[in-house]
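The next block holds one structure in the form of structure tokens; read it before the comments.
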Amino acid sequence: MQSDPAFPSRVDAIEVIQRELTAFARRARGRAAELHPELSLVASSILDLVIERNGCLAADLAGHFHLDKSTVSRQVAALERDGYLEREVDPANRRNLVLHATAEGKRVARAAARSRGSAFAERFKDWDDADVDRLAGYLVRYNAADAG
Numbered sequence: 015m016q017s018d019p020a021f022p023s024r025v026d027a028i029e030v031i032q033r034e035l036t037a038f039a040r041r042a043r044g045r046a047a048e049l050h051p052e053l054s055l056v057a058s059s060i061l062d063l064v065i066e067r068n069g070c071l072a073a074d075l076a077g078h079f080h081l082d083k084s085t086v087s088r089q090v091a092a093l094e095r096d097g098y099l100e101r102e103v104d105p106a107n108r109r110n111l112v113l114h115a116t117a118e119g120k121r122v123a124r125a126a127a128r129s130r131g132s133a134f135a136e137r138f139k140d141w142d143d144a145d146v147d148r149l150a151g152y153l154v155r156y157n158a159a160d161a162g
């Protein structure tokens, strides 16, 4: 690792990364309601994953997001109440209920994704393509390390 005068040591750099990722997470939670008032950041994330996987179990959501099952249960109940998710009996194991996005849930998720996409595009408008590509690669690498 090359020495950067802004970060005299790896420990310093890691502290900056931690601080900045924490600030990012806090802003993301705060901006979620602004970008799409119908969905919290957690609800939006759950809905997106259900859509991405074309259905999944609530336990899978808890494991994926490292959330308590009771937290997922409350979020899923709210998404069902709002008409964004529905439960269907799993044909492979009739004791399980698989969550699926409704047509309205898919519509709301698309609208939220458009709002987020516009917000990110605005945030990166002064970045060159190489910097955006590098950040994307670093984030994929960072999150992949946690997925294992």
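The sequence shown: position 41 = 55 (our numbering), numbered continuously. The beta carbon of each residue, even a glycine, is placed where N, CA and C say it ideally should be.
Taking only three categories from DSSP, how would you classify residue i?
| i | result |
| --- | --- |
| Asp-160 | helix |
| Arg-29 | One point to set straight first is that residue 29 is Glu, not Arg, in the sequence displayed. Note: Glu-29 maps to helix in three-state DSSP. |
| Asp-145 | helix |
| His-114 | strand |
| Leu-99 | strand |
| Arg-41 | helix |
| Arg-108 | strand |
| Glu-34 | helix |
| Met-15 | Reliability of the predicted coordinates at Met-15 is poor, the pLDDT of 47 falling under 50, and the value obtained from them is presented with this limitation in mind. Looking at Met-15 - three-state DSSP - the assignment turns out to be coil, as it is neither helix nor strand. |
Is residue i close to chain C, meaning its C-beta is less than 7 angstroms from at least one C-beta of that chain?
| i | result |
| --- | --- |
| Gln-89 | Of the protein chains in the structure, only one exists, and it is not chain C. |
One question on the structure: do residue i and residue j come within less than 7 angstroms of each other, judged by their Cβ atoms?
| i | j | result |
| --- | --- | --- |
| Ala-72 | Val-56 | no |
| Ile-65 | Ala-117 | no |
| Leu-119 | Leu-99 | Note on residue identity: the sequence assigns Gly, not Leu, to residue 119. A contact, by the Cβ cut-off of 7 angstroms. |
| Asp-62 | Ala-123 | yes |
Pull up the CB-CB distance for residue i and residue j, whole angstroms please, since I reckon it's below 8 angstroms.
| i | j | result |
| --- | --- | --- |
| Ile-60 | Leu-111 | That pair is no contact at about 15 angstroms. |
| Gly-54 | Ala-126 | According to the sequence as given, residue 54 is Ser; it is not Gly. The Cβ separation is near 10 angstroms, so there is no contact. |
| Leu-113 | Arg-101 | 6 angstroms |
For residue i, which option in the options has the closest C-alpha, if you only look at C-alpha atoms?
| i | options | result |
| --- | --- | --- |
| Glu-52 | Ala-159, Arg-121, Ala-135, Cys-70 | Arg-121 |
| Gly-44 | Gly-77, Arg-130, Gly-69 | Arg-130 |
| Asn-157 | Arg-41, Asn-107, Leu-35 | Leu-35 |
| Ala-133 | Phe-79, Val-86, Ile-31, Ala-42 | Ala-42 |
| Pro-105 | Phe-138, Ala-27, Gly-69 | Gly-69 |
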